[in-house]
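Worksheet for the structure shown next.
Number of protein chains: 2
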Amino acid sequence: MKDTARYRTVQKDLRRSIIEGKYRVGDLLPSENELCSHYGIARMTVRNALSNLETEGLIERQKGKGSIVKFKRKSIELLSIKGFTEIMKGKEHKIDTVFLQAPMVSQWEDDFYWALSEMEIQAGSIFMSRIRMSGEKVIMVENTFLSNSNLTDFCEIPFINKSLFDTLIVNHDIEMTGVVQKFRAIPATEELANSLQLGVGAPILEIIRKLTTNREGFFVYSFAYCNTDDFTIEA
Amino acid sequence: MKDTARYRTVQKDLRRSIIEGKYRVGDLLPSENELCSHYGIARMTVRNALSNLETEGLIERQKGKGSIVKFKRKSIELLSIKGFTEIMKGKEHKIDTVFLQAPMVSQWEDDFYWALSEMEIQAGSIFMSRIRMSGEKVIMVENTFLSNSNLTDFCEIPFINKSLFDTLIVNHDIEMTGVVQKFRAIPATEELANSLQLGVGAPILEIIRKLTTNREGFFVYSFAYCNTDDFTIEA
DNA sequence: TAGTGGTCTAGACCACTGC
DNA sequence: CAGTGGTCTAGACCACTAA
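In the order they appear, the protein sequences are chains A and B.
The first sequence begins at 1 in my numbering and counts up by one.
The second sequence begins at 236 in my numbering and counts up by one.
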C-alpha cells in the first residue's frame, strides 16, 4: 500500500535537515518521542530511522541525552586537499570548486578505463569536469562519470553544497559505501600542464577511483589530476 | 539484572561461528524464527543482533531467503601494488619485500613529519627501511617508524609472513584500526632516483601515512616512495 | 504454498543525563 | 526529578523466494 516505508521518510527528512545545515554539529535532534508524535508512528519505527542515521555516521546517540549531530563523514569517499608545509597553517587555503563542464548526458568513452556492465552501457553516462582552486591556483582537475539511470533532473538541478555526494544522497538516496582507488605519479602532458599551470613533464598525482554505492550496479568513476607542489591529497 | 543484553549474546555467538568457519561464505544462518525459539527471545531482539552483523559486514540479508554469510573484510592498512597496463595481466609480478635496514632502536628524528606525544618521545622509536621489488626492479622504498613501547624482542624476532601487520597482531596483539594517508607527486631527488633506478626529477609517488591502532597512543608511521611507471598503488 | 525477512504497533521497564 | 535513549515483548500484515 505504502510506496515508501515510514522510517525511510523520517530518515530522509532528518538527513536532509542535517546536510542542509538546519541542525549543526553538536545539536540535538528532536527526541524519539517527539518524532513519534510528530509523524504519528511507533517508537520502534523512529528508532529504525535513527539507527540508520547512526550507521551513516550522521548522528551519535547518548542514553539520557539524545541524538547528537556528528556529520563527520568517513573521508573514504572524499578527496581532501591539505596544505603541505607548516606555512600553510596561517594562510588561508579555502578550496573552491568550479565546473569546467557542468553535468551532461553523454556516451561512455570507447576505451573507458573500467569495465562496464551491460546495464551501465545501456543507460549511458553523465559526465562532468571540475577543478579545485586555492585562490587563483588550480590544484586539481577531476573528471567524473556516472551511469545515467533513474537520476531524474540530475543535470538540471544545482548541486547541494557544491557537492556531488551531498546531492546524490539527499536528492537520490544514493550513498557511497566503498572505494577502489589507484595512485600514480606521472609526468604532465601538455594538456594537463596547461590546466594545472605547470611545465610539461612536471610530476602530477593521478588518482583513479571507482566508488561503490548502496544502489546495486551503480558506480561513480572519477579521474583526478593534482598539482601537489603546495598541497597534499588525503584519501 | 542482566550483565549483557540478549541481542549482544546472539550477535557474539553468530559472529564467532562465522569467523571460526562454522558457517562459510554463502551459507545461510538459522532463520530469525529459529533463532527466536533457540534463544527464547522475541523476534525484534534477534533482528537487532542480525542488523548489527549486517553493519559489521559479516552478513547480508535477503527477503524471502535468509541471512547470508559474507565475511569480506577490508584491509584498510595495506598498500597494494597492481600492474597498471593490460600487459601485466599475463606476466608474473610477484612482489618481494627486502630489508634495507632491519628493525632497530633509534631516536625520533628532530624534524619528524608528525607531531609526537610525550609518551612516544620518551619511548623512542623503532626504525626500519624496506623495498618492494618486482623481479630486479625496485617499485617502492618504505621507511617505517613505530614507538618503542612494550614491544618485547621486536627487533630480534623475525617477521611473520614478512609482514609488519601480521607480526604486530600475532606477537603483540596490536591491530590497525584506521589511517590518515597523504599523497603527493614529487620529482625524484638524487637519492630516490638511485634507490628506484630512475632519473633525477622523474615523477615519484610519495605516500605519508599515520596508522592508528587498538592500543591507545600507539601509532605506526610510514613514508613510501614509489616508481609508478608500470604499477599503480592501491590504498 | 510455506517460510523468509521487512515493516509496524502499543505497550513495558531500565539506566543514564541534567536540572 | 522528568526526560532521554537502550532493551524487550507478543503480536500483526506484507512482499519476496523457492519448492
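Glycine residues also receive a C-beta, built at the ideal position from the N, C-alpha and C atoms.
None of these values were measured; they are calculated from a predicted model.
Cβ separation of residue 188(A) and residue 198(A), assumed to be a contact under 8 Å, to the nearest whole Å:
Stepping through the first sequence from its first residue, residue 188(A) is reached at position 188. Stepping through the first sequence from its first residue, residue 198(A) is reached at position 198. Their Cβ separation, rounded to whole angstroms, is 5 Å, which keeps residue 188(A) and residue 198(A) in contact under 8 Å.
Taking only beta-carbon positions, decide if residue 185(A) is within less than 8 Å of chain B.
The residue you call residue 185(A) lines up with position 185 of the first sequence. At least one chain B Cβ lies under 8 Å of residue 185(A).
By the criterion of Cβ-Cβ separation under 7 Å, what are the contact partners of residue 280(B) in chain A?
Translated into positions along the second sequence, residue 280(B) becomes position 45. Going along chain A, no residue has its Cβ under 7 Å from residue 280(B), so there is no contact; the nearest lies around 12 Å.
Counterpart residues of residue 393(B) in DSSP-defined beta bridges
As a working mapping, residue 393(B) is identified with position 158 in the second sequence. Answer is none; residue 393(B) lacks a bridge partner.
Pick helix, strand or coil for residue 87(A), following the three-state DSSP scheme.
Locating residue 87(A) in the first sequence gives position 87, counting from the first residue. Because residue 87(A) carries a pLDDT of 48, less than 50, the predicted location of this residue cannot be relied on, and no value is offered for it.
Please work out which residues of its chain come closer than 8 Å, Cβ to Cβ, to residue 341(B), disregarding the five sequence neighbours upstream and downstream, and give them in chain order.
Locating residue 341(B) in the second sequence gives position 106, counting from the first residue. Same-chain partners within the cutoff: 359, 360, 361, 362.
Below 8 Å on the Cβ atoms is my contact criterion, and I expect residue 100(A) with residue 130(A) to pass it. Report the Cβ-Cβ distance as a whole number of Å.
Reading the first sequence from its first residue, position 100 is the one you call residue 100(A). Reading the first sequence from its first residue, position 130 is the one you call residue 130(A). Indeed, because the Cβ distance is near 6 Å, the residues count as touching under 8 Å.
N-terminal and C-terminal residue of the beta strand (DSSP E) that residue 304(B) is part of
Here residue 304(B) refers to the residue found at position 69 of the second sequence. Per DSSP, residue 304(B) belongs to the beta strand (DSSP E) from 301-304.
contact_flag[the segment 51-67 of chain A, the segment 101-120 of chain A] where n(CB pairs < 8 Å) is 3 or more
no
Own chain, CB closer than 6 Å to residue 355(B), minus 5 neighbours either side, in chain order:
Sequence index remark: in the second sequence, residue 355(B) carries index 120 (1-based). Around residue 355(B): 382.
Going along chain B, which residues have a C-beta under 8 Å from residue 235(A)?
For this step, residue 235(A) is matched to residue 235 along the first sequence. Under the 8 Å cutoff, chain B gives 416, 418, 470.
So residue 166(A) is in the alpha helix (DSSP H); what residue range does that whole segment cover?
As a position in the first sequence, residue 166(A) is number 166, starting the count at 1. Segment 164-172, the alpha helix (DSSP H) holding residue 166(A).
Give me the DSSP bridge partner(s) of residue 363(B).
Counting from one through the second sequence, the residue named residue 363(B) turns up at place 128. Per DSSP, 379(B).
Tell me the DSSP bridge mates of residue 209(A)?
Taking the first sequence and counting its residues from 1, one reaches residue 209(A) at position 209. Bridge partners of residue 209(A): 181(A), 222(A).
Is the shortest distance between the beta-carbon of residue 216(B) and the beta-carbons of chain A less than 8 Å?
Beyond the ends of chain B as shown, which are 236 and 470, falls residue 216(B); an answer cannot be given.
When you compare the CB of residue 317(B) with every CB in chain A, is at least one pair closer than 8 Å?
Numbered from 1 along the second sequence, position 82 holds the residue referred to as residue 317(B). Closer than 8 Å: yes.
To the nearest angstrom, how far is the alpha carbon of residue 166(A) from that of residue 205(A)?
Residue numbering aside, residue 166(A) sits at position 166 when the first sequence is read from its first letter. Residue numbering aside, residue 205(A) sits at position 205 when the first sequence is read from its first letter. Each residue's alpha carbon lies about 25 Å from the other.
Between which two residues does the alpha helix (DSSP H) holding residue 245(B) run?
Here the question's residue 245(B) lines up with position 10 in the second sequence. 241-254 is the span of the alpha helix (DSSP H), which, as asked, contains residue 245(B).
Would residue 142(A) be called buried (16 or more neighbouring beta carbons within 10 Å of its own) or exposed?
Here residue 142(A) is taken as the residue at index 142 of the first sequence, counted from 1. Classification for residue 142(A): buried.
Contacts of residue 232(A) in chain B (Cβ-Cβ under 8 Å)
By 1-based counting over the first sequence, the position of residue 232(A) is 232. 417, 418, 419, 443, listed in chain order.
contact_flag[the segment 3-16 of chain A, the segment 46-63 of chain A] where n(CB pairs < 8 Å) is 3 or more
yes
Between residue 440(B) and chain A, is any beta-carbon pair separated by less than 8 Å?
As a position in the second sequence, residue 440(B) is number 205, starting the count at 1. Closer than 8 Å: yes.
Rounded to whole angstroms, what's the CA-CA distance from residue 384(B) to residue 345(B)? Just pull it up for me.
Against the second sequence, residue 384(B) aligns to sequence position 149. Against the second sequence, residue 345(B) aligns to sequence position 110. Residue 384(B) and residue 345(B): Cα-Cα distance of roughly 19 Å.
Cβ-based burial, residue 225(A) [other Cβ within 10 Å; buried from 16]
Position 225 of the first sequence, counted from the start, is the residue given in the question as residue 225(A). Buried.
Kindly list the residues whose CB is nearer than 8 Å to the CB of residue 86(A), restricted to its own chain and excluding five residues on each side of it in sequence; keep chain order.
Position 86 of the first sequence, counting from 1, holds the residue named residue 86(A). Here the model assigns residue 86(A) a pLDDT of 47, short of 50, so the residue's position is not dependable, and the following value carries that caveat. Closer than 8 Å at the Cβ level, and outside the excluded window around residue 86(A), lies no residue.
Under a CB-based cut-off of 8 Å, is residue 86(A) close to chain B?
Numbered from its first residue, the first sequence carries residue 86(A) at position 86. Reliability fails at residue 86(A), whose pLDDT of 47 lies under 50, so the model's placement of it is uncertain and the value that follows must be treated cautiously. No, residue 86(A) lies away from the interface with chain B (no Cβ there is under 8 Å from its Cβ).
How many Å lie between residue 242(B) and residue 27(A) at the Cα?
One-based indexing of the second sequence puts residue 242(B) at position 7. One-based indexing of the first sequence puts residue 27(A) at position 27. Distance between the alpha carbons of residue 242(B) and residue 27(A): 30 Å.
Three-state secondary structure assigned by DSSP to residue 60(A)
Here residue 60(A) refers to the residue found at position 60 when the first sequence is read from its first residue. Three-state DSSP puts residue 60(A) in a strand.
Can you tell me the Cβ-Cβ gap for residue 97(A) and residue 222(A), rounded? I've got them flagged as a contact below 8 Å.
Along the first sequence, read from residue 1 onward, the residue named residue 97(A) stands at position 97. Along the first sequence, read from residue 1 onward, the residue named residue 222(A) stands at position 222. Incorrect: roughly 13 Å between the Cβ atoms, too far for contact.
Can you confirm whether residue 97(A), when its beta carbon is compared against all beta carbons of chain B, has any partner nearer than 8 Å?
Residue 97(A) sits at position 97 when you count from the first residue of the first sequence. Output row for residue 97(A): interface = no.
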